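Below you'll find the structure, written out as structure tokens, and then a few comments.
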Amino acid sequence: MTRYLTEDQLKTNLRLGRTVEQWLGASQEENYIVLRWVSIEKEAG
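Quick note on numbering: the sequence shown equals residues 0 to 44 in numbering that gives the first Met the number 0.
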């Protein structure tokens, strides 16, 4: 199941202190696998 957040949902989650994460995929390099993942969170302060 794929789930996408709208821009408003993203902003609301961040405002509430929740971390928003997204799997971007994987790729094979010569001797290793690269995992791409992004994590966004609100800065403290």
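No residue lacks a Cβ here, since even glycine has one placed at the ideal position from N, Cα and C.
For clarity, every value in this text was computed on a predicted model and none was experimentally measured.
Quiz prompt | For residue 35, three-class secondary structure by DSSP | solution = strand
Quiz item: Hey, residue 86 and residue 41 are a contact pair by Cβ (cut 8 Å); roughly how many whole angstroms apart?
Solution: Summary: the structure shown does not reach residue 86, with the chain confined to residues 0 through 44, and so no result is reported for it.
Quiz item: Ends of the beta strand (DSSP E) at residue 20?
Solution: 19-27
Self-check item: Proximity winner among 12, 21, 10, 14, relative to residue 2 (alpha-carbon distances)
Solution: 21
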